[in-house]
Structures are given as C-alpha cells and as structure tokens.
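Okay, structure first, notes after.
2 protein chains.
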Amino acid sequence: MPRILRINCRTKEYAFEEVGPYVNLGGRALTSRIINKEVPANCHPLSAENKLVIATGLLGGSTAANSGRVSVGTKSPLTGGIKESNSGGLFAHKMPKMDLLAIVLEDKPAQEAPFSTLFITDEKVEFRNADDIVGMDNYPAHDKLLAEYGDKLVAAMIGPAGETLRKTATIQFTDPYKRPARSAGRGGTGAVLGSKKIKAIVLDPAVNNKVAAVEADTFKAARTTWVNILKEHPVTSQGLPGFGTAVLVNVINEAGALPTKNFRYGQCDHAADISGEKMAETIEARKGKTTEGCHVGCVIQCSQQYNDKNGDYLTSGFEYETIWAFGANAMIKDLDDIATMDRICDDKGMDTIEIGNTVAVAMDGGIIPWGDGKAAIELLKKVGTDDPMGMIIGNGVVAAGDAFGVDRLPVVKSQSMPAYDPRAVKGVGVTYATTAMGADHTAGYGVTANVLGVGGTVDGHKKEGNVELSKNLQVATAAIDSMGFCLFVAFAVLDSENGVQTMADLVQSYTGNAFSVDDLVALGANAMKDEQDFNERAGFSKVDDRLPRFMEIEPLPPHDVTWDFDENEVQGAKA
Amino acid sequence: MPRILRINCRTKEYAFEEVGPYVNLGGRALTSRIINKEVPANCHPLSAENKLVIATGLLGGSTAANSGRVSVGTKSPLTGGIKESNSGGLFAHKMPKMDLLAIVLEDKPAQEAPFSTLFITDEKVEFRNADDIVGMDNYPAHDKLLAEYGDKLVAAMIGPAGETLRKTATIQFTDPYKRPARSAGRGGTGAVLGSKKIKAIVLDPAVNNKVAAVEADTFKAARTTWVNILKEHPVTSQGLPGFGTAVLVNVINEAGALPTKNFRYGQCDHAADISGEKMAETIEARKGKTTEGCHVGCVIQCSQQYNDKNGDYLTSGFEYETIWAFGANAMIKDLDDIATMDRICDDKGMDTIEIGNTVAVAMDGGIIPWGDGKAAIELLKKVGTDDPMGMIIGNGVVAAGDAFGVDRLPVVKSQSMPAYDPRAVKGVGVTYATTAMGADHTAGYGVTANVLGVGGTVDGHKKEGNVELSKNLQVATAAIDSMGFCLFVAFAVLDSENGVQTMADLVQSYTGNAFSVDDLVALGANAMKDEQDFNERAGFSKVDDRLPRFMEIEPLPPHDVTWDFDENEVQGAKA
C-alpha cells in the first residue's frame, strides 16, 4: 500500500499518510500537483512554506526496463517557479519496497540549527546528527555513509553547494556502483533541502518489502514487448551505449547548433577534442567503462566510468551537456579538465549545465580567460566556501551576469540553456520558451525531429511545425517523467507503432488500475497544467515565454538563423 | 526652442532634434514616454538597446519655486522594469538655458572601451577622455571637473558603482554648493550610464541662453501665489527646514511604522539617537548648516550640511530614508557612522535606501554583526572594486539575499522598501505594490493621510480608503515629477484649495500652451500608463503587485498588523 511520508523539518514530527487526493499520480505529476496545491506560489523558495517532494514514478519498484527515475519537486530557488528535476540512482526503486510513493519535507528549523541525516524506515523517521559529514563533498560523505549503513546504502544528499543554499545546488543520489553520481540537477533543489537543514536522507537498508505487479502475467508480457522496443532502436541500442550522450557533440556541431563561446557560434573548432568518440577512446585506453546503467533495470546503459590519466576513477554520468557547457561554450579543450569539473560538480553538488554556462559568463566578464580550464576549476572550488566569489558562481548565470556586468545571458525564466542553440533547433527552442521549468531540453526534446530524424522530420531553422512538435513532446515527456521512465525511452517510442500503448499496458498491469493511452496523455498534460498554474500564480506572464533578446537580433553562424517566435506564437505549446 | 539631444555612445554621433511627438511632455512623463516607445521591453538593461534619458520638467529653467528637479529614465538594471528617478541639483535648471528639453543616450561601445566625459554645448557634443577621473569617487572627481571647467560647473556623473555596473548605482548631480551631492538614486540608473562608458556629462558653463515665461505677467502672479502656498504650510515652512526629512524618525517610530532589524519591528529602541532633533543638535554644535536647498529656487530648504567631529564637511542631503536604513533597519546607533555611510554612498554613487537594506540583509545572513557601523562601512568600501563581496553588496538586496541565503527580503519588483513599513502605513504599501517603479515611497506618499494628517486622514492599519488614496497620490506625483517640482510641494498642495490650479497656471503661463487642471491630471495618469505598459511588455503581471510573503503572514509589532491586500484588491491604484 503506497503511502506519503510527511516530515516536518522544524518540529521533527512525521506521519505516514494514505495518498488520498493524490491517488493515481506518480513522479513528476505527483510532485507538481503537491507543490501546486500546497505551496503558496509567492513564498520565497528558501522559506519555511516551501516544500520538497521526492517521489517514485507510477512504475517505481517494478521490473519494467528503465522505469526507476526519481522525481524531486519544489519551488525553485533558481527560477522562482515550480520545478521537477529527476534523476537516476537507486532511490526510486527502493521507495516502493518501503511502501513509499512520496516523501514530503515541510517547514524548516532556524538557519543556525545543525544539519541532520534523516534515517527513514517503513515505520519511523529519525533525525540523526550529521556533524561528521557536514561541509564534506559528496563522494567522501557518501563513503562515510557507506561505512555506517553498509553496502546496501540508498541515499539522497547535498554537498557544500546545497548546504550554503546555492541556486545551482543538486540533490545527489546513490547509483548502482555505490557512488553519489546521479543528480536531480536543475533548479537548485539541493538548496531547498539545505534550507531545511537536511544533509542526507538514508532509506533503511533492512526494509525490502515485496513489490509485485497486480496483474503479473500481463505485466510480464508487456515488459518483454517493452525491452524489445528499446533494443530494436539504433539510438537506445547502439548510439547511447557506445558513446554515451556525448555521441551528440559531433552530431550537434555538424548541425550548426552547438552553442559556442557563450552562444556566439553554432560550431566549435575543437569539437573533435571533446566528442563522444574521443571520450570512448580515452576511457578504453585508461581501462574505464564505456557503458554503465544509472539505475536498476536500465537496458540502455548510456553512463560510463571515466578514469584519470593514472587509471583511477574520476567521474561517471559524464553527459553531453556537461562536456558541451565547459568544452564548447566555455571553450575548454582538455577533456580531462572537463571531467575534473564534472567530478567537482558532483562533489560540491552543482548542476553542470548551469555551472558550465556560469563559467562562460565569467569568461565573458573577464574574470578568467576564455578556455582556461585550470582557472575554471579554481572558480568551481570556491563554491560552498565563505568566499564571495563562490557565492556568485554557485548561484548560476544570472547571478554571475549581474556580478560581472555581462548582459549576454542565455536564460529563460532565469535558468540557463542547455547544449542546443534554440535559433537552429527551434523545436527545442519552443520548449525552452514555454515549459514551466525554464530553459530545459529534457522537457520536450525537439532535437529528435529537428536534427536526429527520430519521430519524423521538422526543419529546426523554420517556424513551421515546431510549436506542435514541442507540445507533443512536452506532454509525452511529462507522462514519461510521471511513470518513472528514463527520458531516453522516447527515442524508441517515437519510432515504434506500439510504444505508447506498451507503456500504458505496463502501468495498468503493474498498478491494477485502468490506464489507457488517453490516460497517459492526460497524466502528462495535467502535470503541465499544474506547473503552468503555479507559475502564473508566482508571477510569470506569457512575456516570460520569450527567449533572451540577443537571440532575436543576433544571427547564429553558420546558418545565420535568429529566434523569430514572439510570445504569442509559442503559447500553443502549453497544455 | 526646446530640443532633444540624441547621442550615440558607440558611434559618437549626435543630433539636436525638434521634440516632435514628445511635445507638451516634460520630466517623468517625457522620460517614461521615450523609454516606452523606443526601448525594446525585453532587452537587457545593460545592453546596447537600452537608452538613458535625462529630462527637465515642464517648468524647468523657470523661476517657479521648487521646480528644478531633473528626471532620469531608463529600463532599470535593478527591477527589470521602467524607471524614473529624479534629483535636485543644477542640471534641470541649466538645460533650458541650452535649449534642451532632454538628452537621450543611446547604444554603447564595447565594454573594454575607455570612459568619456561628454561635454555638451548648445550646438555640439564632445567625447572627452575621462582617464583622469575614471575610478575616482564622486567628490574628488567632481573637484577635478571644477578645476577644469570652473565654478559654474553643472555636471552629472557616476562613481565607481556606476562604472562597475552595479544595480544600486546612482547618477550624481552638481548641487548649488559645488558638490556632487544630489542623486537620481533608485533603480541603478548609474549602471546604465556606466554601460555606455560615460563617466560624466558636463553642460557648457559658457552657454546661458535667456529663458522667459511666455505670458510673463500671468506667470509672475502665479509664482507669487505659489510661494505663499509653500510658505503657509507647516510641513514645508517649519518641519522640513527645521530638521530636514529626518524630522520623520520620531514621527514614524511613534506611529509604529519605522521598519527595524530588517522589517521585524515597527519601533526602534534607539530612535532618539538617530532622530532629526538629534541631527540638528549635532549639526549646530559642529557649526554645519541645518538648512540648505538642493536646487535653484527652493524655498523649502530641507537639506543641510553635516560636519564631522572635527567640524569638517562630511555630507549633505542626509535624508530620513538614509538614516532609517542604516540606523533603524540595520540597527546602527552612531549618527556619525551613518553620515559616513551617506558620504560613501554619494562618493561611490550608490542608492542609500537599497544599500542600507542590503547591509541589514548582510547582517541577517551573518556576514557582519547587527548594528556594527564600522563593519558596515568596510562592506560599502568594497563596492566599485574587484572584490566579489563588493559586487554582491553593490547589487542590492536581492543579490545579497541570494548570496547570503537570506529569504527575508523586503522588496517589490526587486527594489527594496523605503522607511515606512507597509503593514502599518497601507496607503504607501499600496504604492509600493502597484507603482511600476518597485517599492518606492516617492511614487505616492500615503504617509500623508495615514500618519501626518495632511490631505485628510485615512487609517493606515485598515484597507478602507487606501487604494483610492494611493491612486490619487500616484497620479498627482507623476504630474509633479513631470512639471519638475520637488515632491515636497505636495504637502502644501494637498492642504491648499488652489494649489493644483496654481501649478497648472504656472505651466500654462510659462509655456504659453493651454494647460488646465484636467491636463495636469492627464499628464500624471499618462505617465503611469506608459510605465505600466512597458512593464507589462517586460513580463510583469499583476502578481508582481504583491508584497513579500513574510509581510502577509508575520504581524508587525507593536500594532500586530499584516499586509492583507491581495493583488486584485490593489489594481485600482493603477492608472
């Protein structure tokens, strides 16, 4: 019987509640509903009235392939709007084994209160003293938790960035390899956890209640169909496992959409130095691993283990967006410098996209030279300390722009853009513009039809078809995020005749509740409506659905395309 | 024949233009019209597309008492909305003597370009090398300009805060005593001038064209009526000249509306130490001056000269809001420390209200101890340097709150509140909420009827009547700001039967154009409409007309009043 666990971080009271009004919701649909219904839209994100929700998807705990993502929802310190950021790792798969659908963290103690580690069993919650890990980076702190709780540790935690309430702060989750390498990356969710004085959340390793599909035989059949769909598509079966997401460096560069030097150019001269091919070659030479999964049940395996020059583990979950942000956008050529920054971001608990863009802004402001990886590394190390430069860098692009006097800021709703220039990939541009999340490629990945030829073809340089493309992808993605699926299943689903039906079949047979394709679409659309409603009440207007002015007036080489949608033209992409 | 001077700060081209579509506008009505019509609402405030407009009022250059205020308009770096900030000093009175109604600064050079001093005559503009004053504080830099241009210097300039593009940066104007002590204080206008690489603007001392009223006899009669109105009212003839605006410390404290310790309390235990009475006593003991005017033709004389312990000049234009911000809100008891900070703010070119609130936020965040004036002084000195702490402090309350993790931020539209707690003075609270300027007491000073019994009486603790009060004051104020009047004339006008008619008579007889009381009201209302239109197109919605959440849920002692208007209830205060 799934339950919602509510924890008051000030009084330390807690309650395991029935799901009540939140029945038939999961993942993003659940976090966004709770935030929209329960959090005053105009509260400060770091104030006592904000809440942090951690939820498993509708398929959480099941054996359906790639269904183990965990959703984190809150009012974002970065955007001031609603936020759902999801992550791999073991947390979402574990929650149902404790009969937990969601954990809702409420209220906060005085700022001078000590940090706690929340130890959660299936019947109680303990606020344990966290003095031994406070101030520590995530990897060493996670090692301490491993030593204390054993190899079956399943934890969520914040690093120094979250402790110091930085807007780039992530929540890091234990991955299948005993590392805190999976991130709910965007929007500063870690700062909200920090404001509630929670350093880590540990799920009791001793509790592992049995989880089974209600309609076991139907579920088993659907599961097989599902795995075959994923294994038959070239992107999910070859591209992603072979080179990780970094396979995109050359692809997006070739398309003239790889934002370079703080979004000045669409191609980067040193793309080959930071490509997925180069990464795979480097990993193999150093005896790392080119393929790993980020959560139980993953059949795509797009993660990896990247070793340093000595062959020692350096980082994993080393994504295209990270490599792009530091590599192309901040002009850093050395893949080892970039990998080091990825590790620092995981250790401090910072969003690599926001931080990479921030480094580019710092370079634009003359704080450090363009392309200087070593100087960038030193900047990153300041975050989480009492150095005011770290306060600035740790708060992301807008804070850095304001501090350094840079007016070229590639942000929407104060969140910086990922690795696709919207001028040349307008399908994802419409998503950046209209999603309640701020600039976010994962909210409706129009790169599919604009560049990859997946799910049809829509010209990314022209307006035609891109609002509809973005809308359809946004709805589908919100559903995917609510079921607990990894977004990458979309590649296969978009090109599969029965992909969507199979997802619906999985949910229906797992939960025992009727769940049609229409229900799936409604799940996604309703999540978006909750998010849009919250943002409207938080003060966003349709004008906030514009991209930065410089993209309207400055053509992007080499294709010399500008952003020519106004706010009215993109409203159709909303639910 | 009044003209508009347009200067391109990148190409250094300029043109003296007829006023064309901007006929019959002046001051704020003119700056807001130009910004609304000519600046893309979604541009970055520090980008080339933003403009900075300096305008004299409809009565600029005339001998009408207290009509010499200068308006500065731009898209605000602090709020992201439209901004008009006006100042005393000699600039507005001088412009008509050069046949100038407005100066419009457009475009900007590369950020690495050197700063210039603009030397403006009645027929040409020179970009002069400013190397000798770049990086200098306003007082010493102004002394250098005095040495170069002589005692008839009339200048506008920025200090290190403006040069470094800080959001609190002011533009300082030459006052009648050869000091750069008058500020267009709010909203970061100085950063816009800095972005255009202009350190100072000097109006040619040699040009002094004759300015005369078109209907000379009528004007002369109206002028006499006008002076008598000002001289008959106790506030403008006794309260303000006697103690300066600081007369309000005890008055507002007594009313329980003096925001104390970052807006936690409505009364301050050490109010007597920072009162106008104490200030006057100190000034007299040190042989300063208790009364001075800020511009030619002032008959109110609310300014002063505040000397240090050695009897040497320290500061002037030492306002109630400044004393409150550092004294009550940041809990600093020593009036000399506060005066020193006032001077530092004038020297660096920073808004004392925003900076005082920022110091309180820094104290709330544990950066320096509460009430520590010496530590606060050291913080202020960092602004304009390359110290990242100075970047944070110089960017105001929101930047400081974000950097220091403080969620108690007394701001509306990102501009911090002045010296009147809106929970206890709801008339001014409605103004904070609804004016396009962000929290700004000067946009509609409801303290009049709420506390001072001027212009009637409206209970400041209750909702009733306060929306109407604010609306009427906002329209009147916008008209006052457009004619070039000092806001303080409103005290007398509100209690005078023929005050408004006299103002209209002055404009009609001075300009020779028909100008009725209805025209006066329309002038104000249309200025507000321009401002509201711009802000809406810049992304503001009516939700932005709420006050900070903490004021909705936290009663203010001693009267235990909260802010209980929602955004819909205050819309009636808009034009």
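Top to bottom, those sequences are chains A and B. The first sequence begins at 0 in numbering that gives the first Met the number 0 and counts up one residue at a time. The second sequence begins at 0 in numbering that gives the first Met the number 0 and counts up one residue at a time. From the three backbone atoms N, C-alpha and C, an ideal C-beta is built for every residue, glycine too.
Residue i: first and last residue of the uninterrupted beta strand (DSSP E) it sits in
i: T430 (chain B); result: Segment 425-433 is the alpha helix (DSSP H) holding T430 (chain B); no beta strand (DSSP E) there.
i: N641 (chain B); result: The first residue shown for chain B is 0 and the last is 574, placing residue 641 (chain B) beyond what the model contains.
i: S575 (chain A); result: Because chain A here runs from 0 to 574, residue 575 (chain A) falls outside it and cannot be looked at.
i: Y312 (chain A); result: 312-315
i: K166 (chain B); result: Note, K166 (chain B): premise wrong, no beta strand (DSSP E); not H, not E.
i: T290 (chain A); result: 288-291
Contact under 8 Å by Cβ, residue i with residue j
i: N261 (chain A); j: R422 (chain A); result: no
i: A402 (chain B); j: L378 (chain B); result: no
i: P240 (chain B); j: Q300 (chain B); result: yes
i: M278 (chain B); j: G316 (chain B); result: no
i: T223 (chain B); j: A491 (chain B); result: no
i: V429 (chain A); j: N449 (chain A); result: no
i: R5 (chain A); j: V103 (chain A); result: yes
i: T433 (chain B); j: A537 (chain B); result: no
i: V427 (chain A); j: V410 (chain A); result: no
Three-state class that DSSP yields for residue i in the structure shown
i: G72 (chain B); result: strand
i: M527 (chain A); result: helix
i: F218 (chain B); result: helix
i: Q266 (chain B); result: coil
i: F15 (chain B); result: strand
i: F242 (chain B); result: helix
i: A438 (chain B); result: coil
i: V499 (chain A); result: helix
i: Q300 (chain B); result: coil
i: R185 (chain B); result: coil
i: N249 (chain B); result: helix
i: A54 (chain B); result: strand
i: M94 (chain A); result: helix
i: A129 (chain B); result: coil
i: R548 (chain A); result: helix
Pairwise C-alpha distance: residue j and residue i
i: Y431 (chain A); j: A160 (chain A); result: 25 Å
i: V124 (chain B); j: A146 (chain B); result: 20 Å
i: L144 (chain A); j: G370 (chain A); result: 37 Å
i: A435 (chain A); j: T55 (chain A); result: 21 Å
i: N471 (chain B); j: M527 (chain B); result: 12 Å
i: V499 (chain A); j: Q507 (chain A); result: 13 Å
i: C267 (chain B); j: N252 (chain B); result: 7 Å
i: E111 (chain B); j: I366 (chain A); result: 13 Å
i: N35 (chain A); j: E231 (chain A); result: 39 Å
i: E162 (chain B); j: Y148 (chain B); result: 22 Å
i: F114 (chain A); j: K332 (chain A); result: 39 Å
i: E535 (chain B); j: L24 (chain B); result: 22 Å
i: C293 (chain A); j: P175 (chain A); result: 7 Å
i: R178 (chain B); j: K462 (chain B); result: 43 Å
Residue i - containing alpha helix (DSSP H), residue span
i: F539 (chain A); result: Segment: none, F539 (chain A) is in no alpha helix (DSSP H) and carries neither H nor E.
i: M362 (chain B); result: 351-363
i: I34 (chain B); result: 26-37
i: F490 (chain A); result: 488-493
i: E105 (chain B); result: No alpha helix (DSSP H) holds E105 (chain B); the beta strand (DSSP E) holding it covers 99-105.
i: I367 (chain A); result: Premise fails: I367 (chain A) is in no alpha helix (DSSP H) and is neither H nor E.
i: V396 (chain A); result: 396-403
i: K373 (chain A); result: 372-380
Practice prompt. Can you give me, in chain order, the residues of the stretch 26-42 of chain B that have a beta carbon less than 9 Å from any beta carbon in chain A?
Written response: P39, A40, N41, C42
Worksheet item: Mind listing which residues of the stretch 73-94 of chain A have their C-beta closer than 7 Å to chain B's C-betas, in chain order?
Response: none
Item to complete: With 9 Å as the limit, tell me which residues of the stretch 398-425 of chain B have their beta carbon closer than that to any beta carbon of chain A; keep them in chain order.
Response: Listed in sequence order: A398, G400, D401, A402, F403, G404, V405, D406, R407, L408.
Discussion item. Any C-beta of chain A within less than 7 Å: which residues of the stretch 347-359 of chain B qualify?
Written reply: Listed in sequence order: no entries.
Practice prompt. Give the residues from the stretch 152-169 of chain A that approach chain B closer than 8 Å (Cβ to any Cβ), ordered along the chain.
Written response: T163, L164, K166
Practice prompt. Report the residues of the stretch 509-542 of chain A with a CB closer than 8 Å to any CB of chain B, ordered along the chain.
Written response: Result list: E535, R536, A537, G538, F539, S540, V542.
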